[in-house]
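Residue numbers (this note's numbering): 394 to 579. Cβ coordinates follow ideal geometry from the N, Cα and C atoms, glycine included.
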């Protein structure tokens, strides 16, 4: 701008002089007459006041130009920072999306695990029930010497239990399974 300022100042001065001489030509006043000389003096005084006003205007325009450059620099800095913020936000969005997918996967595993836990509890309760039921009809007979039952333990128990309890069983007792708990001696 410094080179442009002096050329602007010189061109402004030249334009003012041309306008002055053109005005003199149109008014048909000559510089040799007293009216023309007075007009020339008035023009010179007015011209110096105009030049100082023009200089102030040029200084103000120059100051505005500097402020605009500062604002442009500030805007460029803000634009750069905004781009970094946008990149950070995009990174956060992708991380949040990944975390949401992981949470969805974990929730599905938790729901599946809860279903399996409920099924396991159901099966455990059923197993306990069946084990209790299997022992319900069992009879344990103690105190008989080993090998007293002979080869057929079922026949031995059908004869011995009515004698021991004093109960006549009608129909006769049925055994699904009978076994000796201790080892037999040979």
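In this structure, the alpha-carbon of residue 442 lies about 12 Å from that of residue 450. By a beta-carbon distance limit of 8 Å, residue 562 does not contact residue 547. Their separation comes to about 14 Å. Under the DSSP assignment, residue 551 falls in the alpha helix (DSSP H) whose first and last residues are 546–558. Contact between residue 566 and residue 551 holds, with the beta-carbon distance rounding to 6 Å and staying under 8 Å.
Of 572, 498, 560, the smallest CA-CA separation from residue 531 is found for 572. Going by C-alpha positions, residue 495 is about 33 Å away from residue 473.
The Cβ atoms of residue 549 and residue 539 lie no closer than 9 Å to each other.
Here residue 510 carries a helix assignment [DSSP, helix/strand/coil].
In the three-state reduction of the DSSP assignment, residue 541 falls in the coil class, being assigned neither a helical nor a strand state. Rounded to the nearest whole angstrom, the CA to CA distance from residue 537 to residue 557 is 12 Å.
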